[in-house]
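In the working numbering, the protein residues as written are 692 to 1128. Here is the structure we will look at, set down as C-alpha cells.
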Ligand code: LLP
C-alpha cells in the first residue's frame, strides 16, 4: 500500500527509504509512518466532505494514533481533531493545534478534563451523559462561557463488525439511547442550560465497517430523531456528527468502500431525508481514524528464533509482538507481512509469526507464506498504523518502539524509542527498603 515498492537490491522501500537502512539506523521493532499516504487519506476526507459540502468537517480520531507531529499533519490537511481524554487534548494543546477544531469525546470525562477543555476553548464537547451535562454547565458558567456541545445519542444500530468494537447498540455504555426517550430528554435539558449551547447530535455505530447501508440507515434514524426534537422543542439541528468507522484492507477478503462512496451515501440519504422531514440540511461531521492512519503505518521487526515442530507448525519469532500490536490477541485481527530484505523472493514456506511476550496468545499472524528466512532477516507487517502504537503497552517490561515518519527519501524520528531507564523512571523505592538490612 501507499508508497511501498521494491528497490534494485530486493529491499522493501517506503517513502523512498530502504527499510534495511531504517532498521540499521533506528533499530527494530520500528513503527514506520508513510507521510504521503497519511496525507492522501486526510485529503480524501477533506475533499469529499469540507470541499464538496462547505461547513462539513472531518475530524481525525486521535485515539487511532496521536503524537504532536501527527497533530501537525492533521492540521495542515485541514482536518479537525477528535480527542477522548485529557492526555489526547494535552497533546493537541502542546502541538498548537487549532482548538476550535477540537471535539472532546469520552463517556466519563473527569472534572479536571472538563476544566482543561473549557479553558483551552475546545470547539465542541460531545456530551455522553447527564452527569457530564450538568458538570459541564457549571464549569462553563464559572468561566463565563457558553460551551457549544453535541449530544451523543445511541441510535440502536449494530454495524457488522467484531463484537468488541460495536458501540451503536442500545445496550452500550456510550450515549443517550433514542429508543428509551433519554436522548429527547437530554436535548430538552441541554436547551434550558445557560452554560450550554446545543449545536446538534453525534452517534458512532462501530468500526471497520464495510457496508455503506449501515451509514445510510444511521442517517435515517438520526434525521427521524432530529425531526422529533424539532417538533417537541423547535430546535433545528445545525450539526450532525456521524462518527468514524470506515473499514480498511488488512488481509485477503477485505474489500472496503472508498471515502467518496461513503460521503455520497451519507449526503444523498441526508438530503432526501431532510427534504422529506422538513429539516434544514445540517453540517456533517465525520470522525475517521482507522481509514486515515491504518494504511499509512507498518511495523518492521527482526526475525529471531525459528522453531520447527515437525509436521505441525513453524514458529517464526520476532522482536516485538502484542506489546506493540495487541490487536491479534485482543480481536483475532488479521495482518499480512513480507520479508523486507528479500521482498522479491517467492513465498516458499507456511509459517506462523510469534511475538516475544510470555503468553501463548502472543501470535501476530497464524499461517502465512514467507520467503526462505533465517534469523536476522527483517519482517514488515503492513497496515499497522491504526490502534497499534496508541494501544501499545509495556507488558514484560518491553520498551515501546520508536516511530519514524518517512517521505521523499527521508526518515524523521517522531517518537523516540523507550529505554530501560524510561521504564524505571516512574519506579520509587520507599525509604524502609532503600538500605539493605
Ligand atoms: N468516533 C468515535 C466516537 C469512536 O468511538 C471511534 C472509534 C472513532 C470515531 C474512530 O473510528 P474509526 O474510523 O477508527 O473506525 N481498538 C479497536 C477500535 C476501537 C474503535 C473505538 N472507536 C481496534 O483496534 O480495532
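All residues carry an ideal CB built from backbone N, CA and C; glycine is no exception. Predicted model, so just to flag it, every value in this text is computed and none were measured.
Item                                                                                                                         : Value
Three CB pairs or more closer than 8 angstroms across the segment 884-904 and the segment 779-791                            : no
Cβ neighbours of residue 823 in the same chain (closer than 7 angstroms, five flanking residues each side left out)          : 800
Cβ contact (3+ pairs, closer than 8 angstroms) linking the segment 993-1002 and the segment 810-825                          : no
C-alpha gap between residue 951 and residue 1068, whole angstroms                                                            : 39 angstroms
heavy atom of the ligand LLP below 7 angstroms from residue 1082 C-beta                                                      : yes
heavy atom of the ligand LLP below 7 angstroms from residue 773 C-beta                                                       : yes
Residue 690 versus residue 773 - alpha carbon distance                                                                       : As displayed, the chain neither begins before 692 nor continues past 1128, which places residue 690 out of reach and without an answer.
Residue 838 - DSSP class collapsed to helix/strand/coil                                                                      : strand
Close Cβ partners of residue 831 (< 8 angstroms) along its chain, the five nearest in sequence each way excluded             : 809, 837, 838, 886, 887
Residue 735 CB to nearest heavy atom of the ligand LLP below 7 angstroms                                                     : no
Coarse secondary structure for residue 747, derived from DSSP in three states                                                : coil
Enclosing alpha helix (DSSP H) for residue 808 [first to last residue]                                                       : 802-811
Residue 979: CB within 7 angstroms of a non-hydrogen atom of the ligand LLP                                                  : yes
Proximity of residue 703 and residue 1034 at Cβ, strictly below 8 angstroms                                                  : yes
Beta-carbon separation (whole angstroms), residue 862 vs residue 843, contact threshold 8 angstroms                          : Going by Cβ atoms, the distance from residue 862 to residue 843 rounds to 15 angstroms, so no, they are not a contact pair.
CA-to-CA distance, residue 988 to residue 1063, given in whole angstroms                                                     : 25 angstroms
Check: residue 956 C-beta below 7 angstroms from any heavy atom of the ligand LLP                                            : no
Simplified DSSP state of residue 1109, which is helix, strand or coil                                                        : coil
Residue 967 to residue 811 span [Cα, whole Å]                                                                                : 40 angstroms
Three-way DSSP call (helix, strand, coil) for residue 963 in this model                                                      : helix
Burial state of residue 1084, where buried means 16 or more other Cβ atoms lie within 10 Å                                   : exposed
Every unbroken beta strand (DSSP E) inside the segment 910-979 [3 residues or more]                                          : 930-932, 974-977
Alpha-carbon to alpha-carbon, residue 749 and residue 741                                                                    : 7 angstroms
Where residue 1078 falls: helix, strand or coil (DSSP)                                                                       : coil
Whole-number beta carbon distance between residue 912 and residue 973, since they are thought to touch under 8 angstroms     : 14 angstroms between Cβ atoms; not a contact.
Bounding residues of the alpha helix (DSSP H) (the contiguous stretch that carries residue 1123)                             : 1122-1125
Span separating the alpha-carbon of residue 970 from that of residue 931                                                     : 12 angstroms
Cross-strand partners of residue 1045 (DSSP beta bridge)                                                                     : 1008, 1054
Where residue 785 falls: helix, strand or coil (DSSP)                                                                        : helix
Inter-stretch contact at 8 angstroms, needing at least 3 Cβ pairs: the segment 1073-1090 / the segment 1004-1015             : yes
Per-residue burial, residue 1019 [other beta carbons within 10 Å of its own, 16 or more giving buried]                       : buried
Own chain partners of residue 919 with C-beta closer than 8 angstroms, once the 5 adjacent residues on each side are dropped : 875
Beta-carbon proximity list for residue 737, same chain, < 8 angstroms, skipping 5 on both sides                              : 749, 768, 769, 770
The ligand LLP heavy atom lying under 7 angstroms from the CB of residue 937                                                 : yes
Within 8 angstroms, strictly: CB atoms of residue 892 and residue 927                                                        : no
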